[in-house]
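Residue numbers (the numbering used here): 7 to 105.
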């Protein structure tokens, strides 16, 4: 489907998605253990949901749909994190910077 035909009704998106923000944040916080990471995951989830809103077939299943996007987003981010190099080489250099 061409992007110009996928116009999203922003008000409808807000009406359906925003009531689930606290639920999404709590799940993301359980997954990540850190509030700032949870906020990032929720933000990415909402961005993806907004872009793919045309795929939501049943408004009553919005919560499950958002949860599915959140879970996929978290797993993808976790995989990317594992592939990133760890910056602390054990030399203690970073310890001196923070003190």
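Note that the Cβ used here is the ideal one computed from N, Cα and C, for glycine as well. These numbers come from a predicted model, not from an experiment.
Cβ pair residue i, residue j closer than 7 Å
{"i": "residue 79", "j": "residue 33", "result": "no"}
{"i": "residue 53", "j": "residue 44", "result": "no"}
{"i": "residue 51", "j": "residue 75", "result": "yes"}
{"i": "residue 68", "j": "residue 27", "result": "no"}
Sequence-distant residues of its chain with Cβ nearer than 7 Å to residue i (five each side left out)
{"i": "residue 71", "result": "62"}
{"i": "residue 57", "result": "none"}
{"i": "residue 35", "result": "41, 44"}
{"i": "residue 2", "result": "Residue 2 lies beyond the residue range present for the chain, which begins at 7 and ends at 105; the question has no answer from this structure."}
{"i": "residue 55", "result": "23, 72, 75"}
{"i": "residue 192", "result": "Because the chain here runs from 7 to 105, residue 192 falls outside it and cannot be looked at."}
Which of helix, strand or coil DSSP assigns to residue i
{"i": "residue 62", "result": "coil"}
{"i": "residue 17", "result": "helix"}
{"i": "residue 40", "result": "coil"}
Given residue i as reference, the closest of the options once Cα atoms are compared
{"i": "residue 19", "options": "86, 29, 83, 59", "result": "59"}
{"i": "residue 29", "options": "14, 15, 77", "result": "77"}
Same chain only: Cβ atoms within 6 Å of residue i, ignoring 5 sequence neighbours per side
{"i": "residue 17", "result": "none"}
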